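In terms of my numbering, the sequence shown opens at residue 337 and continues consecutively.
Beta carbons are placed, not taken as given, at the ideal position from N, Cα and C, and that holds for glycine.
Quick caveat, the model's predicted, so the values are computed rather than measured.
Please read the structure below before turning to the comments.
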Amino acid sequence: MEDPEGRLTTMTAQAPEHGTVPDREGGHDPLSAPPERHAWDVGLWWDLYFTGTMLAMTVLALLTGPERWRWATAGLMLAVIALHYALVRRYFQTGGAEPSWVGPFPVALLLLLPTLPAVILNPALTFLLIALSPLAFMTLGSMLAVPTVGMILIVPTLWSGLLGRQEWGDVGISLLINGTLLAFAFWFGSWFERIVEQSYERYSLIEQLQHSREEATRLSEQAGAMAERERLAREMHDTLAQGFTSIITLAQAVESEMDTDPDTARRHLVLMRETAAENLAEARAMVAARQAVGVEGGDLGSALTRICGRLGRELGIEVTPTVTGTPEELPNDLQVCLLRTAQEALANVRKHADADRTGVCLAYTDVGVSLSVSDNGRGFDTALPGHGNGLANMRHRAESVGGTLDLESVPGQGTTVRLTIPSEETSTS
337 MEDPEGRLTT
347 MTAQAPEHGT
357 VPDREGGHDP
367 LSAPPERHAW
377 DVGLWWDLYF
387 TGTMLAMTVL
397 ALLTGPERWR
407 WATAGLMLAV
417 IALHYALVRR
427 YFQTGGAEPS
437 WVGPFPVALL
447 LLLPTLPAVI
457 LNPALTFLLI
467 ALSPLAFMTL
477 GSMLAVPTVG
487 MILIVPTLWS
497 GLLGRQEWGD
507 VGISLLINGT
517 LLAFAFWFGS
527 WFERIVEQSY
537 ERYSLIEQLQ
547 HSREEATRLS
557 EQAGAMAERE
567 RLAREMHDTL
577 AQGFTSIITL
587 AQAVESEMDT
597 DPDTARRHLV
607 LMRETAAENL
617 AEARAMVAAR
627 QAVGVEGGDL
637 GSALTRICGR
647 LGRELGIEVT
657 PTVTGTPEEL
667 PNDLQVCLLR
677 TAQEALANVR
687 KHADADRTGV
697 CLAYTDVGVS
707 LSVSDNGRGF
717 DTALPGHGNG
727 LANMRHRAES
737 VGGTLDLESV
747 PGQGTTVRLT
757 IPSEETSTS
């Protein structure tokens with residue numbers, strides 16, 4: 337961008353905090369490329385070129401021009417080199433930020449101070465513009481560089497005309513040629529400055545995009561970690577936690593049955609051992625798979641029969657599993673959803689229902705599959721806020737597979753939990 341004085345405001349690109357990152361195709365990600373170099377930071381080659389050119393001008397000053405001014409003009413050429421390294425080089429590489437006490441106009445005057453007298457004394461030194469012109473444009477911008485270069489081109493020509501060294505016709509032709517060159521230099525310099533400005537804007541946008549992508553990646557990782565924690569929490573609640581609850585309930589029953597009913601106590605101990613073994617197997621499978629553990633053998637009906645039989649033996653009540661329709665092979669996520677919903681519903685029967693009869697029905701239909709768990713227990717008022725995570729987990733599982741969960745309960749008349757999962761054809765129609 338340009339400042340009020342017309343000079344291109346440059347800036348030093350900041351290095352990203354990361355290096356180049358390979359992309360998926362094995363190349364390199366342009367958004368993670370090494371830091372861009374300053375547009376005017378042309379490196380060692382510029383220093384060699386400028387120094388070599390000005391040293392050549394020094395030799396030219398010693399070999400040409402009025403003999404009495406040769407050492408003076410050579411000294412002025414060496415002064416330009418010293419000025420470049422002491423001030424101007426750092427000035428254009430920092431975009432005018434350093435040194436802070438000098439601005440573009442003082443820099444222009446400092447460049448003219450040694451060069452203009454040298455060219456007036458020895459016109460052959462006009463060749464110094466092949467090094468001084470790029471320096472002026474890099475340092476001052478086109479609005480100020482063109483007048484600076486113009487002074488070096490025009491003033492010596494006018495001076496020669498005033499002193500009678502050249503005919504005024506020749507002076508006019510020289511002024512016309514130099515004026516044309518300056519006009520072209522102004523147009524070309526302004527066009528190049530716009531390109532540099534657009535490059536900075538592009539770099540700024542790329543840098544912002546990089547920061548945005550890093551933030552999106554961080555948020556995505558956080559969301560993924562949170563989703564994984566929630567998934568593990570649901571899995572542990574619906575499997576391990578329910579198993580431990582069953583073991584605790586059985587242990588309490590055994591404590592009261594050891595002396596009065598040893599046979600029942602032994603039966604409950606067997607159930608405790610089976611439940612603990614299943615919990616251990618479930619935990620190992622979860623760690624190994626790092627995802628929801630599927631139904632063993634893919635037989636959902638047998639899995640439901642097994643958990644119904646365990647609950648019946650544990651509570652001493654009638655728990656009847658039923659499968660209707662033609663069983664079909666369901667995807668793992670649907671099987672897990674149906675099984676976990678049944679486990680959670682039966683766990684609620686154990687903890688809250690005080691029922692003596694429970695039914696679990698798995699129905700395969702033309703429009704999908706459904707699961708219902710009903711009991712004749714105490715029921716509850718569904719309008720009241722619930723406690724715990726069981727119902728929320730069941731609803732979340734239902735939504736995750738595109739199903740719906742319905743809850744029906746009346747105080748004193750039992751409870752029915754119904755999960756309905758439509759088939760793919762039904763859900764897309």
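Integer-rounded CB distance, given that residue j should sit under 8 Å from residue i
i: Thr677; j: Leu707; result: 6 Å
i: Gly713; j: Val746; result: That belief does not hold up - the Cβ atoms of Gly713 and Val746 are roughly 11 Å apart, past 8 Å.
i: Thr484; j: Leu447; result: 6 Å
i: Ala639; j: Leu675; result: 6 Å
Selection from the options that minimises the alpha carbon distance to residue i
i: Ser496; options: Ser510, Gly486, Val485, Glu735; result: Ser510
i: Gly726; options: Leu682, Ala699, Thr660; result: Leu682
i: Gln429; options: Trp382, Arg549, Leu605, Phe522; result: Trp382
i: Glu665; options: Glu610, Thr701, Glu543; result: Thr701
i: Thr387; options: Thr553, Ala619, Gly486, Ala418; result: Ala418
i: Ala689; options: Gly748, Glu564, Arg570, Ala552; result: Gly748
i: Glu618; options: Leu568, Leu480, Ala719; result: Leu568
Cα-Cα separation, residue i to residue j
i: Asp742; j: Asp595; result: 44 Å
i: Pro331; j: Phe463; result: Limits of the chain in this structure are 337 at one end and 765 at the other, which puts residue 331 out of reach.
i: Tyr385; j: Gly505; result: 36 Å
i: Leu465; j: Ile456; result: 14 Å
i: Pro433; j: Leu380; result: Checking the displayed sequence, the identity of residue 433 turns out to be Ala instead of Pro. For Ala433 and Leu380, the distance between alpha carbons rounds to 21 Å.
i: Ile490; j: Gln546; result: 49 Å
i: Phe520; j: Ile488; result: 16 Å
i: Glu650; j: Leu605; result: 10 Å
i: Ala397; j: Thr389; result: 12 Å
i: Arg754; j: Thr641; result: 17 Å
i: Ser526; j: Thr516; result: 15 Å
i: Ser368; j: Ala563; result: For Ser368, the predicted model reports a pLDDT of 45, less than 50, meaning its position is unreliable; a value from the coordinates is still stated below. The straight-line gap from Cα to Cα measures roughly 28 Å.
Cβ pair residue i, residue j closer than 9 Å
i: Val416; j: Val443; result: no
i: Val672; j: Leu647; result: no
i: Val478; j: Glu529; result: The question names Val, but residue 478 in the sequence shown is Ser. Contact flag set, yes.
i: Leu494; j: Val507; result: yes
i: Ile282; j: Gly704; result: The chain is shown only over 337 to 765; residue 282 falls outside these bounds and no answer can be derived.
i: Ala467; j: Met393; result: yes
i: Ala577; j: Ala589; result: no
i: Gly637; j: Pro667; result: no
i: Ile653; j: Asp692; result: yes
i: Thr752; j: Val709; result: yes
i: Thr475; j: Tyr427; result: yes
i: Leu461; j: Gly401; result: yes
i: Gly486; j: Leu518; result: yes
i: Glu760; j: Asn729; result: no
i: Glu614; j: Gly579; result: yes
i: Asp669; j: Val737; result: yes
i: Asp711; j: Gly750; result: yes
i: Val655; j: Gly645; result: yes
i: Pro492; j: Pro470; result: no
i: Arg565; j: Arg733; result: no
i: Leu414; j: Arg406; result: no
For this session: Report yes or no: do three or more beta-carbon pairs, one from the segment 423 to 440 and one from the segment 450 to 458, lie closer than 8 Å?
Result: No, they do not touch.
Exercise. Would you say the segment 581 to 594 touches the segment 556 to 566, given that touching needs at least three Cβ pairs under 8 Å?
Worked result: In this structure the segment 581 to 594 does not lie against the segment 556 to 566, because fewer than three pairs of beta carbons, one per stretch, are closer than 8 Å.
Problem set entry | Validate contact between the segment 688 to 696 and the segment 533 to 545 using beta carbons, cut 8 Å, 3 pairs | The segment 688 to 696 makes no contact with the segment 533 to 545: fewer than 3 CB pairs, one atom from each, lie closer than 8 Å.
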